[in-house]
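Novice: Numbering (our numbering), first residue to last: -4 to 112. From the three backbone atoms N, C-alpha and C, an ideal C-beta is built for every residue, glycine too. On a predicted model such as this, the values are computed, not experimentally measured, just so you know. This is the structure I have questions about; it appears just below.
Printed below as a string of structure tokens:
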């Protein structure tokens, strides 16, 4: 599986963005898909997770603002981001795993999200 994230950009505080992660192969067999982010000088952190069975989880910092979804028919993972804040500024990466253990072995190239105050 190859993953390609897109949709990043420059937004003002309070704005919205939708990130997409397109898989080159089928993601039907992939158990876990997730979004991570890494801000300058910080460790990569888990933002949101979506399992094949529909289980979804979010980091506390994005709960109520971000929504993760996966379209297995189109082989795309999404991250709808709302009420963006400067602290959301980071490179966002999608990740996939055939098991329930994250991070999985498959990473996409990151997409930059910058939120100005």
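1) Taking the alpha-carbon positions, what's the residue 12 to residue 76 distance?
2) If we count the other Cβ atoms within 10 Å of its Cβ and call it buried at 16 or more, is residue 103 buried or exposed?
3) Report buried or exposed for residue 50, applying the criterion of at least 16 other Cβ atoms within 10 angstroms of its Cβ.
4) Any idea if residue 110 is buried or exposed, counting beta-carbon neighbours within 10 angstroms, 16 or more meaning buried?
5) Give the straight-line distance between the Cα atoms of residue 81 and residue 4, rounded to the nearest whole angstrom.
6) Taking the CB atoms as reference points, tell me whether residue 53 and residue 64 lie closer together than 9 angstroms.
7) Between residue 62 and residue 34, is the Cβ-Cβ spacing less than 9 angstroms?
8) Just mark residue 36 as buried or exposed, buried being the case when its beta carbon has 16 or more other beta carbons within 10 Å.
Specialist: If we stick to the structure as given:
1) 5 angstroms
2) buried
3) exposed
4) buried
5) 13 angstroms
6) no
7) no
8) exposed
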